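For the sequence shown, this note's numbering assigns the number 2 to the initial residue and increments by one for each residue that follows.
Every residue gets a Cβ at the ideal spot worked out from N, C-alpha and C, and that includes glycine.
Remember, it's a predicted structure, so these values are computed and weren't measured experimentally.
Note sheet for the following structure.
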Amino acid sequence: MSAKEKVMLCEELANEEFYWRSFASGVWMLFVFPFSLILFVILYNFSLYNPLQCLQDSFTMPLSISFFLNFFVLQICCILFTLSHAKSIEVTSEVGMKLVFSWKKLLNTLIKLISIVVCCMTYQNLIELDTSEFVDSNHFLKICWIYLSIYYTTYFYCNEEYILVFPVVQQKKFFRLKKAIPVHIFKSFWFTIKMLKYYYLLYYVCGYMLKTILVNFFAYEKDMNLSFWSTFWGIFHISLFWNCFLISFTTIFMLGISNELVHIFNTQAYTFQIESHEKELSIGDAMESLNSLLKNLGYMDFCILSKYSGLRRSKIFELSTPGNQPHTWNRILYQCNQVLVNEQSKLKKEHEQKSHLDVVPKNVKSELFSSTDKVESLPNDKVLVSSPYKFPTFKSLTEKNVSIKKSKDNNLNIALWCIEGLCNLIAASLKEDRYGIVQKSLPEVLSNLFSLLETCEQLTQSCNLYISNSFYQQNEVLRASQLKIAIKTGLYTITTEFGYQISGVVLAADHKKKMFEFLEFAC
């Protein structure tokens with residue numbers, strides 16, 4: 002099979018697997034949706050003073066024909082939610098707002114916006130709105146649904162909710178969904194409160210001015226009260242707020258569960274063939290693939306088989322044609338060594354950047370308050386508002402939680418899977434490698450592991466000497482710490498299995514010294 006055919010086969014397999022998994026997530030969404038609709042009906046009819054009437058209304062409401070029609074419309078909206086989220090997913094991080102306005106994602110963004118508005122209006126048709134003497138509740142809610150769709154879409158892309166986060170430990174899909182539901186309920190609640198806070202402010206302050214300008218400009222008959230206080234008292238209309246909150250909360254919850262299901266299904270492990278056939282990809286093909294999703298699935302499967310699948314693991318140590326050589330092991334080893342070398346080069350660059358920073362004085366607090374130069378160097382208000390991204394309202398959308406951002410580093414996941422899988426294979430080769438193919442590669446693998454460990458230790462030790470408020474620098478320190486833990490765990494696994502036999506491997510003097518430290522602890 003030529004290289005071009007392999008690339009086409011990789012793309013074909015990745016697309017086919019993606020479509021099947023996205024379809025399955027949509028089916029699951031259709032089964033989850035009725036429970037959210039039941040919750041919506043109960044909360045809408047809830048009455049603390051008349052619980053019997055609440056139960057009666059909750060049972061009679063789904064019996065109407067209009068309810069069934071709206072039910073099918075909401076199911077179509079669920080399918081559109083799943084489709085838009087599935088088309089948005091990426092494995093690597095991209096700039097959020099540029100992704101929204103790119104021509105490839107523009108249609109998908111429009112589908113998301115329209116489906117959110119249609120979903121909210123369908124929920125609105127299920128309930129009876131109380132007219133208000135202060136505001137036009139119908140217009141108020143319609144504008145709210147448009148605002149909600151824009152607000153959620155902006156939040157979705159700016160906070161990189163489209164990035165797949167591969168789990169550290171594989172679980173059943175049901176248990177992952179069960180764990181995610183309470184999180185999304187809490188998240189949807191606070192998201193709705195935050196959204197309504199800004200919407201009420203915009204509608205009742207800016208909306209009054211805009212309404213007055215339009216009425217005066219077009220010379221409409223002023224048959225409604227346009228006083229500011231009449232508009233202002235609409236804020237305290239409890240029934241309108243409850244309807245708006247309930248519909249927004251349910252819609253955001255459905256969007257969150259839809260996105261979660263797409264992520265759950267597309268991050269499940271996939272079992273590759275050890276040796277490639279005519280129209281089947283091997284694990285080596287997946288690890289070499291340029292497709293990010295397929296590459297992550299390949300390294301994940303490599304890590305899983307190295308620990309749990311003895312039959313598949315033994316096939317890696319076998320010889321194959323042409324030339325009766327260990328082609329599978331050689332391909333896997335080459336890719337793993339490339340990952341280790343790339344990680345080491347990244348961390349070395351970060352360490353070189355840190356080495357040029359000035360050492361922080363011991364009394365940082367006194368320096369901050371005594372130095373006038375630091376105060377004069379602070380940016381003024383004009384600079385702070387020079388960009389729309391620096392406004393507080395927009396900042397609340399684009400603000401990223403550091404811990405969540407760090408968990409989305411799938412390149413780090415590849416490195417961790419690579420280290421764990423490689424160390425497990427080396428440890429298992431002592432009993433399963435009949436031809437000694439792994440032992441020939443031990444000096445190269447151990448040298449790369451010790452070199453990467455040394456670089457990680459240098460970076461983590463240097464972080465105590467410098468103050469780093471940059472998110473990217475903090476991310477590199479955490480990256481080095483996680484790699485260091487993974488390498489130490491893998492080396493302990495190897496030394497525990499081999500014992501003092503591994504001391505015969507030819508290594509550099511400093512690497513040999515560290516090897517004996519692991520041997521003393523393990524043996």
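Does residue i come out as helix, strand or coil in the three-state DSSP assignment?
| i | result |
| --- | --- |
| residue 275 | coil |
| residue 283 | strand |
| residue 240 | helix |
| residue 290 | coil |
| residue 171 | coil |
| residue 269 | coil |
| residue 128 | coil |
| residue 321 | strand |
| residue 261 | helix |
| residue 164 | strand |
Residue i: buried (16+ other C-beta within 10 angstroms of its C-beta) or exposed?
| i | result |
| --- | --- |
| residue 125 | buried |
| residue 254 | buried |
| residue 434 | buried |
| residue 327 | buried |
| residue 249 | buried |
| residue 509 | exposed |
| residue 204 | buried |
| residue 146 | buried |
| residue 106 | buried |
| residue 153 | buried |
| residue 20 | exposed |
| residue 27 | buried |
| residue 402 | Unreliable placement is indicated for residue 402, whose pLDDT of 45 sits below 50; the coordinate value is still reported in the next sentence. Answer is exposed; the Cβ neighbour count stays below 16. |
| residue 187 | exposed |
| residue 39 | exposed |
| residue 525 | Because the chain in this structure spans residues 2 to 524, residue 525 falls outside the shown range and cannot be described. |
| residue 383 | Unreliable positioning characterises residue 383 in this predicted model, as indicated by a pLDDT of 41, which lies under 50. The coordinate reading is nonetheless provided below. The residue in question, residue 383, is exposed, as its Cβ has fewer than 16 Cβ neighbours within 10 Å. |
| residue 50 | exposed |
Please report the Cβ distance between residue i and residue j, rounded to the nearest whole angstrom; I am assuming they are in contact, meaning their Cβ atoms lie under 8 Å.
| i | j | result |
| --- | --- | --- |
| residue 478 | residue 419 | Actually they do not touch by this definition, with Cβ atoms about 20 Å apart. |
| residue 30 | residue 202 | The Cβ separation is near 33 Å, so there is no contact. |
| residue 150 | residue 117 | 4 Å |
| residue 128 | residue 244 | 6 Å |
| residue 83 | residue 23 | 7 Å |
| residue 247 | residue 41 | 7 Å |
| residue 512 | residue 448 | 6 Å |
| residue 348 | residue 481 | 6 Å |
| residue 46 | residue 59 | 5 Å |
| residue 185 | residue 257 | 4 Å |
| residue 436 | residue 320 | 6 Å |
Going by beta carbon distance, what residues of the same chain come within less than 6 Å of residue i, once the five residues before and after it are set aside?
| i | result |
| --- | --- |
| residue 443 | 506 |
| residue 424 | 491, 494, 495 |
| residue 252 | 120, 121 |
| residue 337 | 419, 423 |
| residue 85 | 109, 112, 113 |
| residue 174 | 265 |
Here's a check: name, in chain order, each residue in its chain whose Cβ is nearer than 8 Å to the Cβ of residue i, leaving out the five neighbours to either side.
| i | result |
| --- | --- |
| residue 1 | Any question about residue 1 goes unanswered here, given that the chain covers just 2 to 524. |
| residue 439 | 318, 330, 426, 427, 430 |
| residue 293 | 91, 92, 93, 411 |
| residue 322 | none |
| residue 499 | 428, 431 |
| residue 421 | 304, 307, 308, 487, 490, 491 |
Go through its chain and collect everything with a Cβ distance to residue i's Cβ below 7 Å, but skip five positions before and after it.
| i | result |
| --- | --- |
| residue 79 | 30, 31, 34, 255, 259 |
| residue 515 | 451 |
| residue 200 | 145, 148 |
| field | Cβ contact check for the region 415-429 and the region 286-303: 3 or more pairs under 8 Å | value | yes
| message | Would the region 323-340 count as touching the region 279-293 if we require 3 or more Cβ pairs under 8 Å? | response | yes
| At least three beta-carbon pairs within less than 8 Å, the region 261-273 to the region 315-322 | no
| query | Does the pairing of the region 161-172 with the region 8-22 give three or more beta-carbon distances under 8 Å? | reply | no
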